[in-house]
């Protein structure tokens, strides 16, 4: 056995390229953001005097409104998606049989089309004289107000965009419940509702929680929905960050905002993920 | 559990899923309709059907350049991502090693990260390194997000891989490289192929990472976004519909290929 | 049968072979000689180190210390693909993307043998293992359990190994087919004359096939011998229990006999070896019999029939003597005439019992 293979057993050897890439492509940029958040506002020099001024500015600004909108919309998205997706996930795991693969593909396909383009499609549906209102007008002569550029449509857009991110982990979770365990519960006299509460829900929890986490985290960082469908009526936090980086040319301030968002996201991800064994969820025998 | 109410629940689940699928495709339908009118503005019901805008869009030289850039990025991303992700997936699901648990979580982190923030962080990082933004930096940016996705997709195949296959080939006299070429690669092929498909399509459709990291180069989604906010032009629904159809066809072909391979594998003769 | 190996030179010698993982010794200083052409089986419960031992012998794991000698040459550091030995895996590890023919030919393809010769040899092996010729182009995943076993064996034989290793290949197969395949494997061992080293957790399986058996416990070889020796003269309680249903009575030596503290009686036993102070007395269920009078056997105990279990041609009875449970086994023709809960007298002769250490 050579020294190399002793230092680098197969697992570590295979992981190495990915780890190196993530160090340069993921960890380093995040550290750069953290570093920038401490330099004076509107400078681009990393080696200027470091201070907490940017954070103070954030806390004294109205950014909390943007944070509030982002968190609120994300929570609403998760809640709606939980209800919308569970029956579909259950169907994919238990009811659809040989159709399950095709249906999964149908839910995967939209992921491959740019988010903006798909959201723009909703405009075509909801705009005045669009697919929906045009049909109502020509068929019933009814002309309700369009909901384009409202917070409600923003929420609808988020539900639409993040649906697969809730559905797929949830399906993995639901498929982890052995049918025999459910049958045993029925056999022991449980009602349909009791089986759901006592067997289905706890046993599929890992997948459900990961679905919650994924959708929540992605939805907190959402920006396109508010831009395309919300008509800038609401400003989510990602928008504030983008503005600071682009129009305002204030990278340090943008970095401070980004760090706060990262802390929130990272904290949530770490507490949830450390509780799960990914092998059981992804199907290691 | 009586079978009549059971049947009713199954029917309800089917109905609900169908409704959700319709919901998922409503915007695509909207785009398709908007692209099929000859008029400059979209008014429904459509007065004059026609595909004039399809023709106008696809003869445009600008569009050709966009396709080229998008293709260059997605192609490079696919090749690099599949190679790194294949080894990553083996580390993720095949080998038991100290640190595997942490490794698995590190792989997931970029997926659990808002892409806009990731794009801006990369912009800042490239800038600190003194790099000029171009389609190459965009390739790098896409990889940060796509390698983890690709690793997960391939890992699912690796989980069902029996490590004894590799040992058996090794025991029968094959070198490490022969084991990889004759056993590991062909057995994992369906997973690798799905990973490649995911990598290509996700890169092709990506907007938030491209936005900050392409510099002077422009990808298709970026162009579409700029047109979208500049005011209505029927080119947007045309290209949107084309993207959806293109992704659909590619996905369907890939799916059929995997079904074909699986069937050939389980059939007699080869 | 017991004289089968006399005069043959050892093909494989293990000298103080040890494998440690951290401070844990999975295989602990094993010394063993295996003769050319021998069918040797290593038996042990899961976790006894038998798989680790086998993996060292095949070259998939490397020894921490000690030596492995193949025909006198040290092969410790030779990796699996360089060793002239081959293994049949527990999962069989047939290549699912290949046909039966391609699986068998794999090693020949690696060696660069031309396709025509490869095919001829593959068909020869298939005929030898009673696989129909038209299976050559059949996909392995379409084969039945027994057919897959034969393909795996043919693939290993095609490598022309000096030693064939088996890692419990029959463990996942149902009882009836397993019994058939055990005998088939022993026939193939005769036909090929190769050295077979087999590991299993089933001593019953080992008994059917092996020339010699080595019993492993906690990384050590606790007893090596012919099936006959292992069956009739186990040295420890562990080995005797491993054979199947046995009655074990804790005893201590007392003059010419032994006393059983749990039963509160003295018992007649075979003479205790020198230095043997306390241990166990092992009596097989078939050596126990129902008595009319206490004088009919060297040892007699009175108990109560608690239950009976019909095992085809034989019947077992659970007899409770105080707290201790005894298993008595009778042929169907000699079945116990009484009913459950009857008080009975059971007994055995000293020559039918074995003294073993802990």
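Residue numbers (our numbering), protein chains in the order written: chain A, 22 to 306; chain B, 5 to 274; chain C, 10 to 367. We treat Cβ as the ideally placed atom computed from N, Cα and C, and that holds for glycine.
Bridge-paired residues (DSSP) for residue i
i                      : result
residue 176 of chain C : C:208
residue 95 of chain C  : C:173
residue 19 of chain C  : C:44
residue 260 of chain C : C:288
residue 266 of chain C : C:263
residue 325 of chain C : C:318 and C:338
residue 368 of chain C : Summary: the structure shown does not reach residue 368 of chain C, with chain C confined to residues 10 through 367, and so no result is reported for it.
residue 53 of chain B  : B:41
residue 51 of chain C  : C:208 and C:223
residue 28 of chain C  : C:36
residue 333 of chain C : C:330
residue 200 of chain B : Paired residue(s): none; residue 200 of chain B is not in a bridge.
residue 299 of chain C : C:355
residue 364 of chain C : C:290
residue 82 of chain C  : C:79
residue 312 of chain C : C:353
residue 74 of chain C  : C:27
residue 274 of chain C : C:269
residue 148 of chain C : C:108
Assigned exposure category for residue i - 16 Cβ within 10 Å defines buried
i                      : result
residue 103 of chain B : exposed
residue 123 of chain C : exposed
residue 172 of chain C : buried
residue 288 of chain A : exposed
residue 230 of chain B : exposed
residue 189 of chain B : exposed
residue 315 of chain C : exposed
residue 273 of chain C : exposed
residue 119 of chain B : buried
residue 13 of chain C  : Its pLDDT being 48, under 50, residue 13 of chain C is placed unreliably in this model, and the value from its coordinates should be taken loosely. Per the 10 Å Cβ criterion, exposed.
residue 263 of chain B : exposed
residue 107 of chain C : buried
CB-CB length for residue i against residue j, believed under 8 Å
i                      : j                      : result
residue 51 of chain C  : residue 65 of chain C  : Incorrect: roughly 12 Å between the Cβ atoms, too far for contact.
residue 245 of chain C : residue 367 of chain C : 7 Å
residue 33 of chain B  : residue 109 of chain A : Actually they do not touch by this definition, with Cβ atoms about 20 Å apart.
residue 271 of chain C : residue 333 of chain C : 6 Å
Test: residue i CB closer than 8 Å to a CB of chain E
i                     : result
residue 94 of chain B : Any reference to chain E falls outside this structure, whose protein chains are A, B and C.
Proximity to residue i [Cα-Cα], best of the options
i                      : options                       : result
residue 38 of chain B  : B:80, B:246, B:144 and B:254  : B:246
residue 148 of chain C : C:171, C:104 and C:165        : C:104
residue 220 of chain C : C:238, C:228 and C:186        : C:238
residue 222 of chain B : B:139, B:231, B:190 and B:239 : B:139
residue 239 of chain A : A:112, A:99 and A:31          : A:99
residue 126 of chain B : B:29, B:28, B:156 and B:217   : B:217
residue 35 of chain C  : C:202, C:230 and C:302        : C:230
residue 120 of chain A : B:228, B:78, B:236 and B:18   : B:18
residue 320 of chain C : C:110, C:212, C:254 and C:276 : C:254
residue 115 of chain A : A:267, A:60, A:266 and A:200  : A:200
residue 205 of chain B : B:227, B:154 and B:168        : B:154
residue 233 of chain A : A:31, A:95 and A:34           : A:95
Cβ-heavy atom distance, residue i to the ligand MN, below 7 Å
i                     : result
residue 58 of chain B : Questions concerning the ligand MN fall outside what the structure shown contains, since it holds no ligand whatsoever.
Query raised in the report: Is the number of C-beta pairs between the stretch 94-108 of chain B and the stretch 208-222 of chain A that are closer than 8 Å three or more?
Result: no
Query raised in the report: Taking contact to mean at least 3 C-beta pairs separated by less than 8 Å, is the stretch 76-90 of chain A in contact with the stretch 245-262 of chain A?
Result: yes
Report task. Specify whether the stretch 124-136 of chain B and the stretch 272-279 of chain A touch according to this definition: at least 3 beta carbon pairs, one from each stretch, less than 8 Å apart. Result -> yes
Requested in this report: Would you check if there are 3 or more beta carbon pairs closer than 8 Å linking the stretch 357-367 of chain C to the stretch 292-299 of chain C?
Outcome: yes
Query raised in the report: Are the stretch 139-155 of chain A and the stretch 185-192 of chain A in contact at 8 Å, needing three or more beta carbon pairs?
Result: no
Query - Meets three-Cβ-pair contact criterion under 8 Å: the stretch 80-97 of chain C and the stretch 251-266 of chain C - result: no
**Report entry** Cβ contact (3+ pairs, closer than 8 Å) linking the stretch 147-160 of chain A and the stretch 47-61 of chain B
**Finding:** yes
Query raised in the report: For the stretch 220-235 of chain C against the stretch 68-77 of chain C, are there 3 or more C-beta pairs whose distance is under 8 Å?
Result: no
Query raised in the report: For the stretch 60-69 of chain B against the stretch 155-169 of chain B, are there 3 or more C-beta pairs whose distance is under 8 Å?
Result: no
Report task. Pair every Cβ in the stretch 301-309 of chain C with every Cβ in the stretch 334-343 of chain C, then say whether three or more of these pairs are closer than 8 Å. Result -> no
Report task. Specify whether the stretch 64-79 of chain A and the stretch 294-302 of chain A touch according to this definition: at least 3 beta carbon pairs, one from each stretch, less than 8 Å apart. Result -> no
Query raised in the report: Taking three-plus beta-carbon pairs below 8 Å as touching, is the stretch 195-215 of chain A in contact with the stretch 165-178 of chain A?
Result: no
Query raised in the report: Is the stretch 205-212 of chain C touching the stretch 41-51 of chain C, taking contact as three or more C-beta pairs under 8 Å?
Result: yes
Report task. Decide yes or no for the touch test of the stretch 185-202 of chain B against the stretch 253-266 of chain B: beta carbon pairs closer than 8 Å, at least 3 of them. Result -> yes
Report task. Give a yes or no on contact between the stretch 278-288 of chain A and the stretch 123-137 of chain A, applying the rule of three or more CB pairs nearer than 8 Å. Result -> no
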